[in-house]
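Following our numbering, the numbering of the sequence shown begins with 1 at its first residue and continues without gaps.
Ideal placement from N, C-alpha and C gives every residue a C-beta, glycine not left out.
Heads up: the structure comes next, in structure tokens.
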Amino acid sequence: MAVAGQLKIRIESLKELHPQVYLLKFKSPLLAKAAAPGQFLHVKVDSEKTILRRPLSIHAIEDSTLRILFRVRGRGTQILSQYKKGDTLDIIGPLGNGFSLEGRRTKDEGRILVAGGLGVAPLVFLAQKISQTKDQKQKIKNLVLLGAKSKKEVLAENEFKKSGFEVRVATDDGSRGFKGTVTALLEKILLAQDLKSSSVHIYACGPKEMFSAIKQIIEPYPNAKCQVSFEQFMGCGLGICCGCVIETTKGYKKVCKDGPVFDIKEI
Ligand SMILES: Cc1cc2nc3c(=O)[nH]c(=O)nc-3n(C[C@H](O)[C@H](O)[C@H](O)COP(=O)(O)OP(=O)(O)OC[C@H]3O[C@@H](n4cnc5c(N)ncnc54)[C@H](O)[C@@H]3O)c2cc1C
Ligand code: FES
1 MAVAGQLKIR IESLKELHPQ VYLLKFKSPL LAKAAAPGQF LHVKVDSEKT ILRRPLSIHA
61 IEDSTLRILF RVRGRGTQIL SQYKKGDTLD IIGPLGNGFS LEGRRTKDEG RILVAGGLGV
121 APLVFLAQKI SQTKDQKQKI KNLVLLGAKS KKEVLAENEF KKSGFEVRVA TDDGSRGFKG
181 TVTALLEKIL LAQDLKSSSV HIYACGPKEM FSAIKQIIEP YPNAKCQVSF EQFMGCGLGI
241 CCGCVIETTK GYKKVCKDGP VFDIKEI
């Protein structure tokens, strides 16, 4: 995948969508052309107060406008949330290995995106790309499962609908959709599908516990494949410092360079 390199971008807009959740937009024809879903940008927020860059996924791309969706977690994202329209940001990207869309699908293959909370961040761009692929007419509709604490915290629903995805919601408090975790909803949906004569590709992003649950849920289904976008602390973001190394079934891997997307069987 191409690396566009280090760029100075000008912020077109930065809005608070929900408490502590922000959407940042900027134009970059170069990045829009080079980026693939699941890749990330390494953002320098303020060199005096934070030394390391912060990894943030490419949330969506429309023409040459890129969107980043982020939650304020600590110092870096707090500073980023204070930026204004017209301010300049220093970014490196697109970085990492994104989601693989494994060739042309047969009509018996389904695609399910699973987002836990802010896990929607890289999945909207993936949904956009899936909607642009010329697959055969599918028997199984593209589906996205959105998990949130309550109905107020459901994110990016309309973005997935725009890409032709059917949206199902799971909330912890049952205020909307399925009451329970998004992985319990996935389990229910898989049980209702005939996975002997069809197959399913799952693409997931969310907390690590979500991945352990998905791994267990899909174990009985040899026709279910799953790729996950993995979060890890990062230093350089370029494969140099070894700060993001994790142990996988295929040995030690760098999340920034070999990932952030991995086959769930590897992690
Ligand atoms: C490939 C990749 C893509 C990401 N994409 C997004 C995105 O699109 N939107 C978004 O909001 N966040 C995303 N993140 C997470 C984001 O990078 C962190 O939230 C951010 O770096 C926190 O910086 P901070 O200075 O605000 O917090 P810090 O002060 O550095 O930390 C605050 C808290 O967050 C925890 N934390 C910080 N970084 C991470 C991390 N990488 N993984 C787990 N816990 C962490 C720390 O334990 C601490 O409790 C992504 C991470 C990775 C690795
Ligand atoms: S962050 Fe430096 S090697 Fe991955």
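- Here the C-alpha atom of histidine 201 lies approximately 23 Å from the C-alpha atom of threonine 171.
- Under the DSSP assignment, leucine 41 falls outside any alpha helix (DSSP H), being part of the beta strand (DSSP E) whose first and last residues are 40-44.
- Remark: the C-beta of threonine 50 is in contact range of ligand 1, defined as less than 7 Å to any heavy atom.
- Segment contact: the region 169-184 against the region 141-158, three or more CB-CB distances shorter than 8 Å; contact assigned.
- Relative to ligand 1, even the nearest heavy atom lies 7 Å or more away from the CB of valine 200.
- The residue from Gly239, Thr183, Gln6, Ile91 with its alpha-carbon nearest to that of isoleucine 217 is Thr183.
- The C-beta distance from leucine 7 to arginine 67 rounds to 16 Å, too long to meet the 8 Å contact threshold.
- For alanine 35, the secondary structure class from DSSP, reduced to helix, strand or coil, is coil.
- Inter-residue distance for serine 212 and glutamate 12 is about 38 Å (C-alpha atoms, whole angstroms).
- Cβ contact annotation for lysine 225 (same chain, cutoff 6 Å, sequence separation greater than five): His201, in chain order.
- For leucine 185, the closest alpha carbon among the candidates Leu118, Val114, Ser28 is that of Val114.
- Taking every protein chain shown into account, the CB of aspartate 258 has 16 or more other CB atoms within 10 angstroms, so this residue is buried.
- Looking from the CA of phenylalanine 262, the closest CA among Asn97, Leu17, Phe178 belongs to Asn97.
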